[in-house]
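Heads up: the structure comes next, in structure tokens.
2 protein chains.
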Amino acid sequence: MTAEQTDDGLVDALVQTAFATMAVLNRVGAEHDLSLTQLRVLAILRDRQVRMTALADFLGLEKSTMTGLVDRAEKRGLLTRSPSEGDRRAVDVTLSPAGAELAERLAAQVARVLAPRTARLSPADQGRLQSMLARLLTPAT
Amino acid sequence: MTAEQTDDGLVDALVQTAFATMAVLNRVGAEHDLSLTQLRVLAILRDRQVRMTALADFLGLEKSTMTGLVDRAEKRGLLTRSPSEGDRRAVDVTLSPAGAELAERLAAQVARVLAPRTARLSPADQGRLQSMLARLLTPAT
DNA sequence: TATTGTTATACTCTATAACTATA
DNA sequence: TATAGTTATAGAGTATAACAATA
Numbered sequence: 027m028t029a030e031q032t033d034d035g036l037v038d039a040l041v042q043t044a045f046a047t048m049a050v051l052n053r054v055g056a057e058h059d060l061s062l063t064q065l066r067v068l069a070i071l072r073d074r075q076v077r078m079t080a081l082a083d084f085l086g087l088e089k090s091t092m093t094g095l096v097d098r099a100e101k102r103g104l105l106t107r108s109p110s111e112g113d114r115r116a117v118d119v120t121l122s123p124a125g126a127e128l129a130e131r132l133a134a135q136v137a138r139v140l141a142p143r144t145a146r147l148s149p150a151d152q153g154r155l156q157s158m159l160a161r162l163l164t165p166a167t
Numbered sequence: 027m028t029a030e031q032t033d034d035g036l037v038d039a040l041v042q043t044a045f046a047t048m049a050v051l052n053r054v055g056a057e058h059d060l061s062l063t064q065l066r067v068l069a070i071l072r073d074r075q076v077r078m079t080a081l082a083d084f085l086g087l088e089k090s091t092m093t094g095l096v097d098r099a100e101k102r103g104l105l106t107r108s109p110s111e112g113d114r115r116a117v118d119v120t121l122s123p124a125g126a127e128l129a130e131r132l133a134a135q136v137a138r139v140l141a142p143r144t145a146r147l148s149p150a151d152q153g154r155l156q157s158m159l160a161r162l163l164t165p166a167t
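Below you can see the structure in the form of structure tokens.
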């Protein structure tokens, strides 16, 4: 293998792991009639109260897309819109009690589904894996 | 931490890595006007020729969904439908030369984007990471 | 002028149900 | 009868462009 070429074994494993993980999230969400995006909205709002634009930025979506997503979630009683203090153009999005409870249940369920897989690794390997993934996740220099 | 509880650090890292990886795939696909699903279709067909139902199974989608996906990809000249030998109900899907070329370029581009990240790890760690991910990917017992 | 969010519009993705053709 | 694929339909997700209100 020359320097110009790339051994894609690790990249392939990362991509396949990503798809497998997304499939789990998709399935868990579907059990609660939530799309992957709605699942992410709940996850983001779990520990934050953010404005529409911030939500769109987190998700990598357009503001206009957020309007529809938040509309539907609000209609289901999972979150609420409220005028932002200090800037009367802005809108804060907050989980409702029902939404917060659902978000907790979803997180627990995801952990329950994935835990048997991570448990295949020794505790030491689990720690190594976690720290290696953390290093991959660091924003690009 | 009791035995009933779960340390979600590793699960969180897996999920975050999955989202980061999907974001890369999404971006690469978008540069070529391809959705994530269309990207996957090309990737699957890269080394296989499969029937509509098999494609739907790989992707976890309904057959009727495949019809539309293949319709649009076929209209763009990326793949072709052909009657399956042996079963006149079945339809084989095959990459066109243009589709095959695009699939290769996409794979190379994904590797190019992800490689700088994996390169943060020592070669030894890269090997460890790959084998640990492979263990996670093994189908459930 | 620039920013925040919504509306209008169009297209893709997706599932369910009903259908045709073949097995 | 069962399976492979399509069609019809409906709803969610998404982006672009134009807009109103506020900064």
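Chains as they are written, first to last, in this note's numbering: chain A, 27 to 167; chain B, 27 to 167.
Glycine included, every Cβ here is placed at the ideal spot set by N, Cα and C.
As the structure is a computational prediction, the values presented were derived from the model and not from experiment.
Q. Quick one: Cα of A/Pro142 to Cα of A/Asp151, how far?
A. 14 Å
Q: Please list the partners that B/Gln47 has in chain A, where partner means a Cβ-to-Cβ separation under 7 Å.
A: Looking at the sequence provided, one finds Thr at residue 47 of chain B rather than Gln. Correct list: Leu40, Val41, Ala44.
Q) How about A/Gln42 and B/Leu51: are their beta carbons less than 7 Å apart? A) no
Q: Identify each residue in the stretch 65-99 of chain B for which the Cβ-Cβ distance to at least one residue of chain A is less than 9 Å, and report them in chain order.
A: Arg66, Ala69, Gly86
Q: Just the chain A side, please: which residues come within less than 8 Å of B/Gln152 by C-beta, in chain order?
A: Leu36
**Q.** Identified DSSP bridge partners for A/Leu105
**A.** A/Leu121
Q) Ends of the alpha helix (DSSP H) at B/Pro165? A) Unbroken run through B/Pro165: none, as it is neither H nor E.
Q. Alpha carbon to alpha carbon, what distance is there between B/Leu132 and B/Gly55?
A. 8 Å
**Q.** C-alpha distance - A/Ala39 paired with B/Leu159, whole-angstrom precision
**A.** 6 Å
**Q.** Rounded C-alpha distance that separates A/Arg102 from A/Leu60
**A.** 11 Å
Q: Under 6 Å Cβ to Cβ from A/Ala116, same chain only, skipping five residues before and after it: list those, please.
A: Arg77, Ser110
Q.
Please tell me whether B/Ala124 has its Cβ less than 7 Å away from any Cβ of chain A.
A. no
Q: Please check if any C-beta of chain A sits within less than 7 Å of the C-beta of B/Arg115.
A: no
Q | 9 Å Cβ cut-off: residues of chain A touching B/Thr144 | A | Leu36, Val37, Leu40, Leu162
**Q.** Within 7 Å, strictly: CB atoms of B/Thr120 and B/Gln75
**A.** yes
Q: Could you work out which residue in A/Asp73, A/Leu155, A/Lys89, A/Gly125 is closest to A/Thr79 when comparing CA atoms only?
A: A/Lys89
Q) So, is A/Leu114 buried or exposed, given that buried needs 16 or more other C-beta atoms within 10 angstroms? A) Reading the sequence as shown, one finds Arg at residue 114 of chain A and not Leu. Classification for A/Arg114: exposed.
Q) Start and end of the alpha helix (DSSP H) containing B/Ala82? A) 78-85
Q | Span of the alpha helix (DSSP H), counted from its first residue to its last, around A/Arg53 | A | 35-57
Q. Considering only the beta carbon of each residue, do A/Ala134 and A/Leu68 sit closer than 7 Å?
A. no
Q: Give the residues of chain A in contact with B/Leu140, contact being defined as C-beta atoms less than 7 Å apart.
A: Val37, Leu40
Q: Give a yes or no on whether the minimum CB-CB distance between B/Ala129 and chain A is below 7 Å.
A: no
Q.
Strictly below 8 Å CB to CB, what residues from chain B border A/Val136?
A. Val37, Val41
Q. DSSP on A/Glu127, reduced to helix/strand/coil?
A. helix
(Q) Quick check on the burial criterion: 16 or more other C-beta atoms within 10 angstroms. Buried or exposed for A/Val125? (A) A small fix is needed here, since residue 125 of chain A is Gly in this sequence, not Val. Flag for A/Gly125 reads buried.
Q. From B/Ala29 to B/Thr91, what distance separates their C-alpha atoms?
A. With a pLDDT of 41 at B/Ala29, under the threshold of 50, the modelled position of that residue is not reliable, and the figure given next carries that caveat. Their Cα atoms are separated by approximately 43 Å.
(Q) Spatial neighbours of A/Arg98 within its chain, please: C-beta separation below 8 Å, excluding the five flanking residues on both sides. (A) Gln64
Q) Span of the alpha helix (DSSP H) holding A/Arg66? A) 62-71
Q: Quick one: list the residues of chain A neighbouring B/Leu147, beta-carbon separation under 9 Å, in chain order.
A: Leu36, Met158, Arg161, Leu162
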